[in-house]
Amino acid sequence: MHPAAEHSPLGKSSEYIATYTPSLLFPIPRTAKWAELGLSADTLPYKGVDFWNCFELSWLLPSGKPVVAIGEFSIPADSPNIIESKSFKLYLNSLNQTPFADTASLEATLVKDLSAAAGKPVGVRIRSLKDVEAEGVTALPGVCIDDLDIRVSQYEHPRPELLRCDASRVVEESVHSHLLKSNCPVTSQPDWGSVVVEYRGAALDHSSLLEYIVSFRQHSDFHEQCVERIFLDLQRLLKPEKLTVYARYVRRGGLDINPYRSTESVQLPNLRLVRQ
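The sequence shown: position 66 = 66 (our numbering), numbered continuously.
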């Protein structure tokens, strides 16, 4: 468990507060998890963002009439802190009985509070249900590897030694799997996700990638660190010209978390999957 998470509200009984309380946000420094992966703020081999989507966003107009919307929050991957997910949910709940003059006022408040917690500017978009509904759901790019015939017997921790590639062949491809699962390091609750690997480098053996992804099944870690671990393990193996790894996780408590890590400075999409 991350030492800071022991003091967070995660896994504990919490009072429901329905009026604006920014102090509910609980930042967790990324440094300890970076250190586990041999990284520091100055040596990150990727660029990226963590997209959070809130499907239970509500507040009051000055008239007292409630509004519901969907919130999108983009937290830089190199921000000093992640925001502990239950504290994020409790903070958003504290908006439920709070009046705001208009959507722009709420957006400005969210930017201020979330940026202070993350330690870097956080992007915020408040979107109507109609707008999000019109977008629908999307399919992941490239080849799905989930139908490959593999044998698995170990699920306790990621096993990068399973990964194989053909260094004599350089390919550019996108592959994905919906079989990513890990556990919350505090509550042990399951976190379900879909993961995408896009790269140009030594040809990755798809069966070995699927075996590796399944090896996360009983692993305990935060969403962000699972994606960073996958990125680093593939980078070491493939020595790619370019590499992007991202995961789309199923929501819990009205929030989903979607970390993107890439060697490239690209405009990353935040498109919902069927399980989201």
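Each residue gets a CB set at the ideal place from its N, CA and C atoms; glycine is no exception. The structure presented is a predicted model; accordingly, all values stated were derived computationally and were not measured.
With a cut-off of 8 angstroms on Cβ pairs, the stretch 144-155 is not in contact with the stretch 83-92, counting fewer than three such pairs. In terms of CA proximity to P99, W59 leads the group W59, L204 and D205. Residue state for I230 is assigned as helix, using DSSP reduced to three classes. Around the beta carbon of Q225, 16 or more other beta carbons sit within 10 angstroms, so the residue counts as buried. Under the DSSP assignment, T244 falls in the beta strand (DSSP E) whose first and last residues are K242 to Y249. Cβ atoms of G201 and K239 come within 8 angstroms of each other, at about 6 angstroms. Taking 8 angstroms as the cut-off, the Cβ atoms of D131 and N258 do not count as close. For Y260, the enclosing beta strand (DSSP E) begins and ends at L255 to S262.
Look at the beta carbons and you see the stretch 246-256 not touching the stretch 213-220: under three pairs across the two are nearer than 8 angstroms. For V171, the CB contacts under 6 angstroms within the same chain, skipping 5 residues up- and downstream, are A203 in chain order.
Considering only P80, Y249 and E241, the residue with the shortest C-alpha distance to E264 is E241. Straight-line spacing of the CA atoms in A77 and L210 works out to 25 angstroms. Within 10 angstroms of the beta-carbon of V186 lie 16 or more other beta-carbons, which makes it buried. In this structure, the straight-line span from the alpha carbon of S63 to that of F55 is close to 23 angstroms.
With fewer than 16 neighbouring CB atoms inside 10 Å of its own CB, K112 falls in the exposed class.
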